[in-house]
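Chains as they are written, first to last, in my numbering: chain V, 42 to 371; chain R, 42 to 371. All residues carry an ideal CB built from backbone N, CA and C; glycine is no exception. Encoded as structure tokens, the structure appears first; notes follow it.
Protein chains: 2
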Amino acid sequence: MTESVDRQTAATRLRAADDILILSHKNPDGDTIGSATGLCLALQALGKTAAVLCSDPIPKMYNYLDITWYDGSFEPAFVVAVDVASIQLFGENNNVQDYVRRANLCIDHHGSNAGYAYATLVEPQAAAVCEILTELIPDNLGVPLTPQIAACLYTGLATDTGCFRFTSTTAQTHRMAARLIEAGADIGRLNEILFECRSRSRIEAEREALESLEYYCGGRCAMICLTRDQILQTGVANAELEDLTSLPRSIEGVDVGLTLRQQPDGSFKISVRTSRSYDACAIARRLGGGGHARAAGCEISGNLDNAKRAILQEVEKELARQDAEAEPRH
Amino acid sequence: MTESVDRQTAATRLRAADDILILSHKNPDGDTIGSATGLCLALQALGKTAAVLCSDPIPKMYNYLDITWYDGSFEPAFVVAVDVASIQLFGENNNVQDYVRRANLCIDHHGSNAGYAYATLVEPQAAAVCEILTELIPDNLGVPLTPQIAACLYTGLATDTGCFRFTSTTAQTHRMAARLIEAGADIGRLNEILFECRSRSRIEAEREALESLEYYCGGRCAMICLTRDQILQTGVANAELEDLTSLPRSIEGVDVGLTLRQQPDGSFKISVRTSRSYDACAIARRLGGGGHARAAGCEISGNLDNAKRAILQEVEKELARQDAEAEPRH
Numbered sequence: 042m043t044e045s046v047d048r049q050t051a052a053t054r055l056r057a058a059d060d061i062l063i064l065s066h067k068n069p070d071g072d073t074i075g076s077a078t079g080l081c082l083a084l085q086a087l088g089k090t091a092a093v094l095c096s097d098p099i100p101k102m103y104n105y106l107d108i109t110w111y112d113g114s115f116e117p118a119f120v121v122a123v124d125v126a127s128i129q130l131f132g133e134n135n136n137v138q139d140y141v142r143r144a145n146l147c148i149d150h151h152g153s154n155a156g157y158a159y160a161t162l163v164e165p166q167a168a169a170v171c172e173i174l175t176e177l178i179p180d181n182l183g184v185p186l187t188p189q190i191a192a193c194l195y196t197g198l199a200t201d202t203g204c205f206r207f208t209s210t211t212a213q214t215h216r217m218a219a220r221l222i223e224a225g226a227d228i229g230r231l232n233e234i235l236f237e238c239r240s241r242s243r244i245e246a247e248r249e250a251l252e253s254l255e256y257y258c259g260g261r262c263a264m265i266c267l268t269r270d271q272i273l274q275t276g277v278a279n280a281e282l283e284d285l286t287s288l289p290r291s292i293e294g295v296d297v298g299l300t301l302r303q304q305p306d307g308s309f310k311i312s313v314r315t316s317r318s319y320d321a322c323a324i325a326r327r328l329g330g331g332g333h334a335r336a337a338g339c340e341i342s343g344n345l346d347n348a349k350r351a352i353l354q355e356v357e358k359e360l361a362r363q364d365a366e367a368e369p370r371h
Numbered sequence: 042m043t044e045s046v047d048r049q050t051a052a053t054r055l056r057a058a059d060d061i062l063i064l065s066h067k068n069p070d071g072d073t074i075g076s077a078t079g080l081c082l083a084l085q086a087l088g089k090t091a092a093v094l095c096s097d098p099i100p101k102m103y104n105y106l107d108i109t110w111y112d113g114s115f116e117p118a119f120v121v122a123v124d125v126a127s128i129q130l131f132g133e134n135n136n137v138q139d140y141v142r143r144a145n146l147c148i149d150h151h152g153s154n155a156g157y158a159y160a161t162l163v164e165p166q167a168a169a170v171c172e173i174l175t176e177l178i179p180d181n182l183g184v185p186l187t188p189q190i191a192a193c194l195y196t197g198l199a200t201d202t203g204c205f206r207f208t209s210t211t212a213q214t215h216r217m218a219a220r221l222i223e224a225g226a227d228i229g230r231l232n233e234i235l236f237e238c239r240s241r242s243r244i245e246a247e248r249e250a251l252e253s254l255e256y257y258c259g260g261r262c263a264m265i266c267l268t269r270d271q272i273l274q275t276g277v278a279n280a281e282l283e284d285l286t287s288l289p290r291s292i293e294g295v296d297v298g299l300t301l302r303q304q305p306d307g308s309f310k311i312s313v314r315t316s317r318s319y320d321a322c323a324i325a326r327r328l329g330g331g332g333h334a335r336a337a338g339c340e341i342s343g344n345l346d347n348a349k350r351a352i353l354q355e356v357e358k359e360l361a362r363q364d365a366e367a368e369p370r371h
């Protein structure tokens, strides 16, 4: 059973600690890596030894982040996980699992956080962990936001909200963005890197995806699919494909958008995106995955037909369940 | 010569006026129509007669805006233009030009505003006219932001900044977004309408555009082109094509992105988008167009080859000019 803590308690424990190891989730995104790096820089500004550890390499686009990677040069005395909802999400590489079981603190914005750490700060209404840290670092930890820290936190805030498009975006999210800009985050450059730069191979993958587009459930479900061969042929990076997952849901009349990407082991990674009133997490959870209400994911082994059949079955169930709830009973 | 006024003076004149006609620019976008409608609702809340007039119909996606169209039922005693930088931009339909010459007030965020109105409030640092009105309406005009007014103003704020992506976005832009959310703007619904809904025909046009993609100037210029036939075949609305204009510039290594759309009269409407350090407006202006530093446009008559040749010549000049400036002279 984890101890639920508030911001000040979390900050007080971080201030009392040293030799701090910060853990990100596997297949790192902008929020886990932005919050880890921002927190690391803030702790270093307090004169502490701190470093970041992640199971997987970070996408190339985040190269501008000034990350101190953990290289084994100190024995971690305090372990803090950021944006990691459950133990499985840490991954298996780089000996990450050696440290997971002794996580002293977890800072997260997933309401589904499993409470695996000794103490947990969860704010489910926050659009990103970086949104929490934009106040926690200066107001509770007492470290002024430098342009460098602001760039880290803007990275997570902007990527986790699809640049302030997703429903998770609140007035507080925008207010934190304003604060980061005032602290010196160069959002012109960051937005160009994060949202306005697509490689030629990504463009090629987009064309392939558009050609694979299929409609199901009377047009209420759209699916794009990229096989391993197609992914390799276009040369597109996995991280670049992430953006494509919003495409099928964005089509008029589509309530559930599915993106199937074949993994190196042949299994299919499925991204589920839903419009309001439909629960992406419920669909993904029934296939062993998870996530948020509008964006979730799961993996299905087996061939493409099996994967399609399995996910479409769950989509149909969710559409039927919600429609039944929406209609008054007679 | 126009009189330059501040927010309070503009608000005082609006408070003193009645029978107010609000003018938008032709081919209306989210900012001109959002600010016109928001201002109209605010003036009506003060008990005034007010209505909106625009040369062209508004794109279908803005149907949720509660617009009081001018129907000739009152004789305008005060004319205010919003987001219209010059007289030509008013258009020629709906007798708009009858009122332009007696514009009492213009509220704009284009530094290039021609000063055609009797009094002008220009704030070039504002990302949108709606950003100005988010403070002007409650703080100067004294009308509380209703959820309805907030939805109008969010529409302009979000669309003119590409949902807070463009370099025009500032801390103030985000702070105004926060204020509009708190005033009741349903951004979940609005963002879905404005940014996450693409018709099947738009998707079809996107595929056509990707197939037309060409690179010039050693990959520093990318061009997509849709002929009139292609546009008609896909059935895509002109307004939907607007979004596509950001595609070519978004490709890695591309400094100038061009989108050519053939108009009903055979001429080509060219949208110019540039990365930092290159001036889209300079390119468009030399062909009789105009706009902002990163986003501008012009029209060229003649066949496709002529249009391509003319615009590429100006692109090459701009690339060469900037590169010469960037390199120190020996």
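To which residues of the same chain is residue 243 of chain R closer than 6 Å at the C-beta, ignoring the five residues directly before and after it? Sequence-distant Cβ neighbours of residue 243 of chain R in its own chain, meaning closer than 6 Å and more than five residues away, are 277, 281.
Check whether the Cβ atoms of residue 107 of chain V and residue 132 of chain V lie closer than 8 Å to each other. Contact: no.
Contact under 8 Å by Cβ, residue 152 of chain R with residue 165 of chain R: In contact: residue 152 of chain R and residue 165 of chain R (Cβ atoms closer than 8 Å).
Looking at the strands, I want to know which residues DSSP matches up with residue 22 of chain R. Nothing can be reported for residue 22 of chain R: it is not among the residues displayed for chain R, which extend from 42 to 371.
Kindly indicate the opening and closing residues of the beta strand (DSSP E) around residue 300 of chain V. For residue 300 of chain V, the enclosing beta strand (DSSP E) stretches over residues 297-303.
With 8 Å as the threshold, decide whether the Cβ of residue 198 of chain R is near any Cβ in chain V. Not closer than 8 Å to any Cβ of chain V, the Cβ of residue 198 of chain R fails to qualify, so no.
To which residues of the same chain is residue 202 of chain R closer than 7 Å at the C-beta, ignoring the five residues directly before and after it? For residue 202 of chain R, same chain residues with a beta-carbon under 7 Å away, outside a window of 5 residues either side, are 168, 169, 209, 210, 214 in chain order.
Compile a chain-ordered list of the residues in the segment 246-260 of chain V whose CB is closer than 8 Å to at least one CB of chain R. Interface annotation for the segment 246-260 of chain V against chain R: 247, 248, 251, 252, 254, criterion Cβ-Cβ distance under 8 Å.
Return the CA-CA distance between residue 314 of chain R and residue 344 of chain R, expressed in angstroms with no decimal places. Rounded to whole angstroms, residue 314 of chain R to residue 344 of chain R spans 22 Å at the Cα level.
DSSP three-state label for residue 65 of chain V, please. Residue 65 of chain V carries a coil assignment under DSSP once its states are collapsed to helix, strand and coil.
Integer Cβ distance of residue 70 of chain V from residue 175 of chain V, believed to fall under 8 Å: That pair is no contact at about 17 Å.
DSSP three-state label for residue 312 of chain R, please. Residue state, collapsed to three classes: strand.
Beta-carbon proximity of residue 149 of chain R to residue 72 of chain R, cut-off 8 Å: Not closer than 8 Å, so no.
Which value, in whole angstroms, describes the spacing of the CA atoms of residue 65 of chain V and residue 334 of chain R? When rounded, the distance between both Cα atoms is 39 Å.
At the level of alpha carbons, what is the spacing between residue 141 of chain V and residue 158 of chain V? Between the alpha carbons of residue 141 of chain V and residue 158 of chain V lies a gap of roughly 8 Å.
Rounded C-alpha distance that separates residue 330 of chain V from residue 239 of chain R: Roughly 28 Å between the two C-alpha positions.
Tell me which residues share the same chain as residue 47 of chain R and place their Cβ nearer than 8 Å to its Cβ, disregarding the 5 neighbours each side in the sequence. Exclusion of the five residues before and after residue 47 of chain R leaves 162 as the residues of its chain whose Cβ lies within less than 8 Å of its Cβ.
Closest Cα partner of residue 245 of chain V within the set R/237, R/255, R/241: Put simply, of R/237, R/255, R/241 the residue whose alpha carbon is nearest the alpha carbon of residue 245 of chain V is R/255.
Closest Cβ-Cβ distance between residue 275 of chain R and chain V: below 8 Å? False, the Cβ-Cβ gap to chain V never drops below 8 Å.
State yes or no: is the beta carbon of residue 225 of chain V nearer than 8 Å to at least one beta carbon in chain R? Not one chain R Cβ lies under 8 Å of residue 225 of chain V.
Determine, using beta carbons only, whether residue 111 of chain V and residue 94 of chain V come nearer to each other than 8 Å. Closer than 8 Å, so yes.
May I ask you to list the residues that DSSP assigns as paired with residue 148 of chain R? DSSP, once it has assigned bridges, lists R/123, R/162 as partnering residue 148 of chain R.
Apart from the five residues on each side of it in sequence, which residues of its chain come closer than 7 Å, Cβ to Cβ, to residue 370 of chain R? Residue placement at residue 370 of chain R is poorly supported in this model, since its pLDDT is 49, which falls under 50; the coordinates are not used for a value here.
So which residues of chain R does residue 229 of chain V contact, with C-beta pairs closer than 7 Å? Chain R residues near residue 229 of chain V: 208, 317.
Quick check on residue 361 of chain R - is its C-beta less than 8 Å from some C-beta in chain V? It does not: the Cβ of residue 361 of chain R has no partner Cβ on chain V nearer than 8 Å.
Restricting to Cα atoms, I'd like to know which of V/355, V/320, V/306 is closest to residue 328 of chain V. For residue 328 of chain V, the closest alpha carbon among the candidates V/355, V/320, V/306 is that of V/355.
Across which residues does DSSP place residue 264 of chain R in a beta bridge pair? Its beta-bridge partners are R/255, R/299.
Between V/188, V/206, V/305, which lies nearest to residue 79 of chain V when the distance is taken from Cα to Cα? Ranking V/188, V/206, V/305 by Cα distance to residue 79 of chain V puts V/188 first.
Tell me whether residue 341 of chain V sits in a helix, a strand or coil according to DSSP, three-state version. Secondary structure at residue 341 of chain V: strand, using DSSP grouped into helix, strand and coil.
How big is the Cα-Cα spacing for residue 178 of chain R and residue 186 of chain R? Residue 178 of chain R and residue 186 of chain R have their C-alpha atoms roughly 7 Å apart.
Mark residue 289 of chain V as exposed unless 16 or more other C-beta atoms lie within 10 angstroms of its C-beta, in which case mark it buried. That one is buried.
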